[in-house]
Structures are given as C-alpha cells and as structure tokens.
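*Asks:*
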Amino acid sequence: MDAATSLAPATAKRRGRAFRVLPGVELITLAALVAAPFLLADRPELVTLMTNILILSLLAISFDLCWGYSGIMSFGQALFFGVSSYVIALVGRDLDFSQLWATLPLAMLVGFLLSGLMAAFLLLGRRTPTSIFVAFGTLTGAYAAERLVAGWQYVGAGNGLSSIKLMAFGSTEFVEGPAFYSIALGILVAVFALSRWLVRSQLGLVLAGMRQNEERLAFFGYRVQAFRALVFSVAGAIAGLSGALYAYHQGFTGPSNLGPGLSTTAVIYCLFGGSGTLIGPVLGTAAIEGISFVLSDTDAVRQFWPVILGFVLLIVVMFQPTGLLGLVVSTRERIGSYAGRRR
Amino acid sequence: MALLDVTGLTKSYGPLRALDGVDLTVRAGTFHGLIGPNGSGKSTLLKAIAGAHFPTGGTIRFDGADVTTAPPFQRARLGLSLKFQITAVLPELSVYDNVLLALQAHDRTIDLLRSRSRARLAPRIMDALDRFRLADRADDLAGELSHGEQQWLEIAMALAPEPKLLLLDEPTGGMSPEERRVTGELLAPIKASCALIIVEHDLDFIKNICDRLTVLDQGRVLGDGTTDEIENDPRVREIYTSRV
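Note that the protein sequences, when read in sequence, are chains U and Y.
Under the numbering used here, the first residue of the first sequence is numbered 42, with each subsequent residue one higher.
Under the numbering used here, the first residue of the second sequence is numbered 2, with each subsequent residue one higher.
1) Determine the extent of the alpha helix (DSSP H) in which Ser126/U is found, giving its start and end residues.
2) Less than 7 Å between CB atoms is the rule here; does Leu246/U satisfy it with respect to chain Y?
3) The alpha helix (DSSP H) spanning Val342/U covers which residue range?
4) Return no unless some Cβ of chain Y is closer than 7 Å to the Cβ of Thr46/U.
5) Is the beta carbon of Gly123/U closer than 7 Å to that of Leu299/U?
6) Tell me whether Leu48/U is buried or exposed, calling it buried when 16 or more other Cβ atoms sit within 10 Å of its Cβ.
7) Candidates Ile205/U, Gln344/U, Leu244/U: which alpha carbon is nearest Gly292/U's?
8) Within its chain, find whatever has a CB closer than 8 Å to the CB of Thr70/U; leave out the 5 residues flanking it on each side and keep chain order.
9) Determine the direct distance from the alpha carbon of Glu145/Y to that of Met42/U, and round the result to whole angstroms.
10) Given this structure, state the Cα-to-Cα distance separating Ala297/U from Ser126/U, to the nearest angstrom.
11) With a floor of 3 residues, list each beta strand (DSSP E) that falls wholly inside the stretch 179 to 205 of chain Y, ordered by position along the chain.
12) Between which residues of its own chain and Ala59/U is the CB-CB distance below 7 Å, once the five residues before and five after are set aside?
13) Can you list, in chain order, the residues of its chain with a C-beta nearer than 7 Å to that of Ser246/Y? Leave out the 5 residues immediately preceding and following it.
14) Determine whether the Cβ of Glu93/Y lies closer than 7 Å to any Cβ atom of chain U.
15) Cα separation between Val308/U and Leu168/Y?
16) Mind checking who Gln140/U pairs with in its DSSP beta bridge?
17) Roughly how far, in whole angstroms, is the beta-carbon of Leu46/Y from the beta-carbon of Leu217/Y, given that I think they are within contact range, below 8 Å?
18) In the DSSP assignment, what residue or residues form a beta bridge with Arg221/Y?
19) State yes or no: is the beta carbon of Gly262/U nearer than 7 Å to at least one beta carbon in chain Y?
20) Give me the Cα-Cα distance between Phe221/U and Gly314/U, rounded to the nearest whole angstrom.
21) Take the Cβ of Ala73/U as the centre, count every other Cβ of all protein chains shown within 10 Å, and call the residue buried at 16 or more, exposed below.
22) Consider the Cβ of Ala106/Y: report whether some Cβ of chain U lies at a distance smaller than 7 Å.
23) Could you check whether Leu35/Y and Gly250/U sit closer than 7 Å to each other, using their CB atoms as the reference points?
24) Taking only runs of the beta strand (DSSP E) that begin and end inside the stretch 102 to 154 of chain Y, which ones reach a length of at least 3 residues, in chain order?
25) For chain Y, find out if any of its Cβ atoms is closer than 7 Å to the Cβ of Ile102/U; answer yes or no.
26) Tell me which residue opens and which closes the alpha helix (DSSP H) that Ala247/U is part of.
27) Going by the DSSP bridge assignment, what does Tyr14/Y pair with across the sheet?
28) Please tell me whether Arg257/U has its Cβ less than 7 Å away from any Cβ of chain Y.
29) Shorter than 7 Å from the beta carbon of Leu102/Y to some beta carbon of chain U?
30) What does Pro73/Y touch in chain U if you count any residue whose Cβ is under 7 Å from its own?
31) By the three-class DSSP mapping on this structure, what secondary structure does Ala161/Y have?
32) How far does the alpha helix (DSSP H) with Leu74/U in it reach, from first residue to last?
33) Please report the straight-line C-alpha distance between Leu155/U and Asp140/Y, rounded to a whole angstrom.
34) Listing by chain order, which chain U residues have their CB less than 7 Å from the CB of Leu83/Y?
35) Does the Cβ of Glu150/Y have 16 or more other Cβ atoms within 10 Å, making it buried, or fewer, making it exposed?
36) Given a limit of 8 Å on CB to CB distance, which residues of the stretch 361 to 375 of chain U reach chain Y?
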C-alpha cells in the first residue's frame, strides 16, 4: 500500500466527521430545550433552572465570541451583563416601565456602548495589546464596577435592587415559568443563529485567521484591532441582553452580577463545554448549573462550590483545553472550512 | 518615477545601528535583490519597508505616498505585499481559505459579514493556486503541506491581491535544490505586473532572477547596480570571500 492510499481513508474519515458532529449536537440540544418545559411540567423548579441556563448561555456565548473566535481573553463579560441588569431595574423603578420591546434593546445598546468604550481603551491603542493586558484590563473594569456599585446608595449599594418590575409585553407580564422560558429560548435561538451566521461568514474567516496569526492578517491589509473591537462590542451587547433577562427572571440584581466572580464563571461555562463552537458554551452552562443545582442541597458542597469550580477550570485547561465537545469535534470542524462552501 | 524610494533610512536598537543611512530605489517591473552577510541589515530594511517596525530616521515613499510611519494595513492597501522569512501560512485553515483571506482583505466589513465576494473570488483563488501547483491541495489544511509547498502558498497569498511591490524574505529557505529551481520559474512571470524586492542567501538563485542588486554591510549600502556590476565589484567580492 503506498502512502497516498494509506492516507486516503483517514482523510475521508476526518472530513466525514468534520461536517456532521456539530450540526447534530446543535439539533439534539435544540430538541431537548424545546421539549424541556413539556417534560418538566410538574417540576416548576426545574423549569426555573432551565430558564436560568438559557439566560446564562447567552453570557457564555458572548465570551465564546470574544475568546473562542477572536482571541480576546475577556474577564469582564459580567460588567456588561451587570450594568444592563441595573439599567433595566432602574428603568422599572424610576420610570415604571418594563416593556420588553424597548428594555431588551436598551440593555443591548448599553452593553454595546460600554464594551465599545472598553474596547477603545484596551484594543485600539497604537501598539497591539497582549492577551494578559486585555485579561487584566477587563478584570479590573469588572472589579472596579462591582466595588463602585457596592458603595452607591442610589443603586441599593451592597443590597442591590430587588423587586424589579416584571418584564411585560403590552398588558401581559411574565413571571418565571413556561412563558418566560419560551421567550428566553426564542432569544437564545435567535442570538445563536446570528452568531453562527457571523462566525461562518467571510468575517468569521477573518476572525479564524486573526486567532492563528494576527500579524499575517495585518500585512494582508486588515485592521485587526478594529475587527476585535467590533466583535467585543457585539459580545457586550449579547451580555447586556443576558443581564436584562436575568434581572427580570430573578427579580433582583446586585453587585456580584457585574464582578469578576460571574465573569470567571462565564469563562468556565465556555471552556468546559468547548470554546469556538457556540453550542459548547450552552452545554457547558447546562452542565455546570445542573451539577450546582443537584449539589446545592448539601451544605458542605455549597460552601466549597467555588473551589470545585476552580478545580474544574484547572482540569479542563490542563487536560482537555477544547472542552467536552473537543472529545467529538475535530479541530477542522471547530475552526470551520470556507472551501466547502465555495461552490 | 520610482515605485519605492527609501532615503537616508536609519534604525537603531539602543547603541546598535542596524541601518545607517540606507538609500534604495526600486522601479516598477524590476526585480531587486538585497544581499549581504548575516547581520548586515537586509531583513531589518525589508521589515521597515513593510511596516513591521518604524525607522529611527529617514523616509520611505511608496507609489508617491510617504509611508514612513504608516501601519502595515495602510501599506498593504497601497499595493505593498510581504512574504515573511518564517513561513506564516494559517495552518488550521484550508489552502483555499488562506488565499481567500488574502484576496478579501480590502472588502468592506459589511460585505465580509454578508459573504458577498466568496463566490466571485473563487476563480481567482483557483487561478492563484494553479499557478503555484497547489490546485489539487485546495481543500487540505495549510499545515498539512510540505515546507516547500507552504512557501509557495505564502507567495501565492502575497501575490493574489495583485500588489505593485512584493517583498520576499528568503523565499527558498529550507527548500530542496529542485524546489528552488521551480520557485525561480514560478516567480519569473510576475515581472509583467509586479516589482519585487528579494532577500536571499542563495546568490545563484538571486543572480538568475534579479535585474539589480543592492549590497548591504553593517547597515550601510556597500554597492548598488546591475547583477554584472555587483558581481565584478571588488568590495563585494571582498566581503563575500572574507566574511561569508
């Protein structure tokens, strides 16, 4: 058997797998999420858990766009999440307004502008920023915001804002339950589809190239940092949307919603599920929140939960950096192929 | 009129002067070689022209515009293209996508998002790959190519946007003699559309394809002229016989 012949089956197998696994995982996940409220009709606490998973999945996807696709190590996604949650809470309290058709876009706008401002400082300098610089910059922003809010009486200081006005559409108000779940699922599917379209477009090819060799792209003529700033801002808008839904669903927001703790949790969701896949962060969120829910009745575990999460992150980074999905999805499928779509 | 006009270029790293008042003129449609011993400043000059680092003094004019402190993306948009010394293909993307990435660089962001040029660019991509004998490998990952093929892919990527000036830093580094010969054959036809500055240690290769040579030594221009003039210059012979 010559070399070419011996390589052929392996190549065919690799390509065959590359274009089947992710769509399959996406479809199964969607089917499970659509069926969940029907299957869990008599377990309202699980519907609430699932709704939280959907909302936090948006935050995890926002991090995946930053890190998994654009190489921006953001430890500050909770900043955009938390600030937007405070904004819709204040709009409800001070303006007595909570119509979702206005407040959810407002939350996205707040996230977009705030992340755009941060991108201007961190990404658009004359020198190319290092990953460490961006990681510490975003982490510092989140920490500073958490401390600021914790001492600001107008926004409830350390107690946060509770009894947030219910999300409404016309005269219909949404409390936690199947209706809220359906809205959250619809928004997650829409954000997922738009994000998928973005990362598989020719712009997505630029992002994939940037992650591998940004200097090469600069010499092609790309304004690499401007592309990074754009994706960071879009991710900020998604985090803002997530924060608004979370505040409406919980009826509460507090300083911890914009600090490094939640930001790091979003990193864990994404890395655990598999960064650079979009669906991986959804599965990672479901796994982490599901385990947390199951173990929440045990006091000892609840106390040490952050430590356990830290170990999970450590183990994933050391032994399975491509996350759970990396076990079944090839690098080629994760990065994507534009050649296959040229004809 | 000169396509590239470098005047009095200096580049210092602390007390070390890597370039010391270098002048260089390249006309459209000419192949210009940069030679000199190790550490003479060849790669530093090429990087300064490409915008990889800014010079300490002097000016660089390209196609009539002062680009001395312009960032790389602006120079690329004016028609300047670079092939790195160390192969810089994108290994986890397909060979086809590597060239697509080079070709779509000047598209507007909104057009990239809408993938408007993907179908339109397909014939140009396949043409570029065909020219460098890579059409059959279009769907393979760039990282799966041999070293010589990766060098060709990178030259194909650098040439695909139809630049006015191509900078090649040791394009035959690590190639077999046969691959070097083929590389020379592949580069020859581009003279009609593109000027070339090439840094290369293989003097036979560079003499065969270049019209003019500039010799650098210790950051200064030692000689500049046609290949015959440089070959017969006693100062050049001296550094190549005594120090190379």
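For glycine and all other residues, C-beta sits at the position ideal for the given N, C-alpha and C.
Bear in mind the structure is a predicted one, so any value in this text is a computation, not a measurement.
*Replies:* On the basis of the supplied data:
1) Here the alpha helix (DSSP H) through Ser126/U covers 118 to 136.
2) Yes, because at least one Cβ of chain Y sits closer than 7 Å to the Cβ of Leu246/U.
3) Going by DSSP, Val342/U is part of the alpha helix (DSSP H) stretching over 340 to 360.
4) Confidence at Thr46/U is low in this model, with a pLDDT of 35, below 50, so the placement of that residue should be treated as unreliable; the coordinate-derived value is given next. No, Thr46/U does not count as interfacial toward chain Y.
5) A contact, by the Cβ cut-off of 7 Å.
6) Its pLDDT being 34, under 50, Leu48/U is placed unreliably by the model, and nothing is read from it.
7) Nearest of Ile205/U, Gln344/U, Leu244/U to Gly292/U, Cα basis: Ile205/U.
8) The residues are Ile320, Val323, Leu324.
9) Residue placement at Met42/U is flagged as unreliable, the pLDDT there being 36, under the threshold of 50; the coordinate-derived value follows with that caveat. Spanning the two alpha carbons is a distance of roughly 20 Å.
10) Residue 297/U is actually Ser in this sequence, not Ala. Using only the alpha carbons, I get a separation of about 11 Å.
11) Runs found: 196 to 200.
12) Bear in mind that the predicted position of Ala59/U carries a pLDDT of just 45, short of 50, making it too unreliable to give a figure here.
13) Because chain Y is modelled from 2 through 245, residue 246/Y falls outside the range shown and cannot be assessed.
14) Residue contact check for Glu93/Y against chain U: a CB pair falls below 7 Å.
15) Our two residues, Val308/U and Leu168/Y, have alpha carbons roughly 41 Å apart in a direct line.
16) Residue pairing for Gln140/U: DSSP places it in a beta bridge opposite Ala209/U.
17) Contact flag correct, Cβ pair sits at about 7 Å.
18) Per DSSP, Asp218/Y.
19) The beta-carbon of Gly262/U is placed less than 7 Å from the nearest beta-carbon of chain Y.
20) For Phe221/U and Gly314/U, the distance between alpha carbons rounds to 25 Å.
21) Exposed, by the Cβ-count rule.
22) So, interface residue.
23) Taking C-beta atoms as the reference points, Gly250/U and Leu35/Y fail to come closer than 7 Å.
24) List check, beta strand (DSSP E) in window: nothing returned.
25) Under the Cβ distance rule, Ile102/U does not count among the residues neighbouring chain Y, no pair being separated by less than 7 Å.
26) Checking the sequence, you will find Val at residue 247/U rather than Ala. 243 to 253 is the extent of the alpha helix (DSSP H) around Val247/U.
27) Tyr14/Y is bridged to Leu17/Y.
28) Yes, because at least one Cβ of chain Y sits closer than 7 Å to the Cβ of Arg257/U.
29) Closer than 7 Å: yes.
30) Taking a Cβ-Cβ cut-off of 7 Å, the neighbours of Pro73/Y in chain U comprise Ala259, Phe260, given in sequence order.
31) Of the three classes helix, strand and coil, the one that applies to Ala161/Y here is coil, per DSSP.
32) Unbroken alpha helix (DSSP H) run through Leu74/U: 62 to 80.
33) Leu155/U and Asp140/Y: Cα-Cα distance of roughly 41 Å.
34) Within chain U, the residues Phe260 have their CB atoms less than 7 Å from the CB of Leu83/Y, given in chain order.
35) Label assigned to Glu150/Y: buried.
36) Under the 8 Å Cβ criterion, the stretch 361 to 375 of chain U contributes Thr372, Arg373.
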